[in-house]
Amino acid sequence: MVRAIVGANWGDEGKGKITDMLAKESDIVIRFQGGANAGHTIINNYGKFALHTLPSGVFYDHITNVIGNGVALNIPVLFHEIQELTSRNVPMPKLLISDRAQMVMPYHILFDQYEEERLGGKSFGSTKSGIAPFYSDKYAKIGFQVSELFDEETLYEKVKHVCETKNILLEHLYHKPLLNPEELFETLKEYRKMVEPYVADVSVFLNEAIKNGKNLLLEGQLGTLKDPDHGIYPMVTSSSTLAAFGAVGAGIPPYEIKKVITVVKAYSSAVGAGAFVSEIFGEEADELRRRGGDGGEYGATTGRPRRMGWFDCVASRYGCRLQGTTDVAFTVLDVLGYLDEIPVCVAYEVDGEIIHDFPTTRQLEKAKPVIQTLPGWKTDIRGIKNYEELPENCRKYIEFVEEQLGYPITMVSNGPGRDDIIYCK
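With this note's numbering applied, the sequence shown covers 131 to 555.
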């Protein structure tokens, strides 16, 4: 069976932990989109890890981990991650890299930095990981697939051609040092040595696995609201964050995806610029940020403090709908135990009108939250294993959110460890 695990909101929903948990029951875990610009935090018996490119199945020796064709593959970052794991006594993971995956080039990272610098106050809040320039080149058909590393003559000609184009921009738009095609070619030869043992025709491998009844887990990055089509455009990422793209980004038929587990956070957080209707500020935000996650709400990749807000029913319902949710995993519920009352955004007010459906960005920027307050439970719920043992107000909060979403909450996470989970249905 193929399952997908994805985020409902801006990313940072706690997918790492849920993926780690679901990976136990999987044979293959596949990253299908995005790059090293966002991370998953995982806490297990080996310690605490922030994964950026590696799939979350790397801590299990029975799992084959796959980097799909839809991923923006930064080869040095990937191998730095592998070294970091093995240096902390994690066994070398089983890894396959799609021969159709495209590579983040060193100049993609430079162009990302230069463009954010050029835009100044109007920047997109990029992590400067080269993701937008990478996808821009992919769709302009001047990107480099992993398979191209193995044909030196053609590769060298393409490198020269691409450098000519890039150097025009570097000289006349950014006024920065020019690219040296010889150096770049040598770098790519180093990349080839690094990836050669892992390169495979991933779609053939996955097709055989599905035929043989293996369990596959598609692992998404970020969440619905960062999708370039359905998110808060243009403050989005550059690849689709939806479960539907899992079929494309892994190379499997769409009808094989039988379950979509959508991770929804018990409050809201976001990294980067863009409309965020339920956002809170000041001491209220600082306290939630300090208490949030494990060790506070800071980006797994960037370390940036996350923007904080109360639970947003409008955005989360929309996020679940676009993902094709079959199951909701409700995370970091334990964090809210300090509150007497818990505000929830149940609707938006736009130009005096109350709306319940998530609007396009222009309207979203004018939206004000309509807040409903629920009673808190004022106790620590970590360690509880059964739904019935949760405090009454805590259960009422879950049931209120479930009703607002319109999708079943089947898992509740009440702590950072992989066993801090309550199955509800």
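Ideal placement from N, C-alpha and C gives every residue a C-beta, glycine not left out.
- Cβ-Cβ separation between Ile227 and Thr194: approximately 12 Å, too far for a contact (criterion under 8 Å).
- The beta carbons of Tyr304 and Tyr244 sit closer together than 8 Å.
- When C-beta atoms of the stretch 131 to 141 are compared with those of the stretch 363 to 377, three or more pairs fall below 8 Å, so the two segments count as touching.
- Counted as a single uninterrupted DSSP element, the alpha helix (DSSP H) harbouring Val531 occupies residues Glu522 to Leu535.
- The bridge partners DSSP lists for Leu347 are Arg133 and Val159.
- The continuous alpha helix (DSSP H) containing Tyr448 extends over residues Cys443 to Gln453.
- Where Asn195 is concerned, the enclosing beta strand (DSSP E) starts and stops at Thr194 to Ile197.
- Buried is the label assigned to Met541, since at least 16 other Cβ atoms lie within 10 Å of its Cβ.
- Assigned with DSSP and collapsed to three states, Cys554 falls in coil, not helix or strand.
- The beta carbon of Glu301 sits closer than 8 Å to the beta carbons of Leu308 from its chain, once the five residues preceding and following it are set aside; these are given in chain order.
- Per DSSP, the unbroken alpha helix (DSSP H) holding Glu417 starts and ends at Gly412 to Arg421.
- Every beta strand (DSSP E) of 3 residues or more that sits fully in the stretch 297 to 373 is shown, in chain order, as 346 to 353.
- A distance of 8 Å or more separates the beta carbons of Leu208 and Ala231.
- Rounded to the nearest whole angstrom, the CA to CA distance from Gly547 to His182 is 19 Å.
- Looking only at Lys271, Lys319 and Lys258, the smallest Cα-Cα distance to Leu285 is reached by Lys319.
- In the structure shown, Val292 adopts helical secondary structure according to DSSP, grouped into three states.
- The DSSP-derived three-state label of Ser277 is helix.
- Annotation for Gly439: the continuous beta strand (DSSP E) segment containing it runs Arg437 to Gly439.
- Between the stretch 477 to 491 and the stretch 382 to 398, the count of C-beta pairs closer than 8 Å stays below three; the two stretches do not touch.
- Leaving aside the five residues that flank Ser399 on each side, the residues in its chain whose CB is nearer than 6 Å to its CB run, in chain order, Asp142, Glu427, Arg436 and Met438.
- When the beta-carbon positions are compared, Ile539 and Ile528 come within less than 8 Å of each other.
- When secondary structure is reduced to three states using DSSP, Thr490 falls in the coil class, being assigned neither helix nor strand.
- Between the C-alpha atoms of Pro236 and Arg322 there is a straight-line separation of about 15 Å.
- DSSP links Ser543 through a beta bridge to Ile551.
- One thing to note: Asn342 has its Cβ no nearer than 8 Å to the Cβ of Glu155.
- Boundaries of the alpha helix (DSSP H) harbouring Leu215: Ile205 to Ser217, taken from the DSSP string.
- Glu471 is positioned such that its CB atom lies no closer than 8 Å to that of Pro499.
- Restricting attention to Glu247, Gly146 and Cys554, the CA atom closest to the CA of Glu349 is found in Gly146.
- Here Gln213 is exposed: its Cβ has fewer than 16 other Cβ atoms, across all protein chains shown, within 10 Å.
- According to the DSSP secondary-structure assignment, His170 is paired through a beta bridge with Leu181.
- Arg525 and Val444 have their C-alpha atoms roughly 21 Å apart.
- A buried status is given to Asp150, since no fewer than 16 other beta-carbon atoms sit within 10 Å of its beta-carbon.
- Of Val465, Ser186, Cys450 and His238, the smallest CA-CA separation from Ile272 is found for His238.
- For Gln502, DSSP records a beta bridge to Val474.
- Nearest Cα to Val234 within the set Asn199, Ala270 and Phe274: Phe274.
- Minimum Cα-Cα distance from Asn199 among the listed residues Phe335, Thr171, Phe179 and Glu518 corresponds to Phe335.
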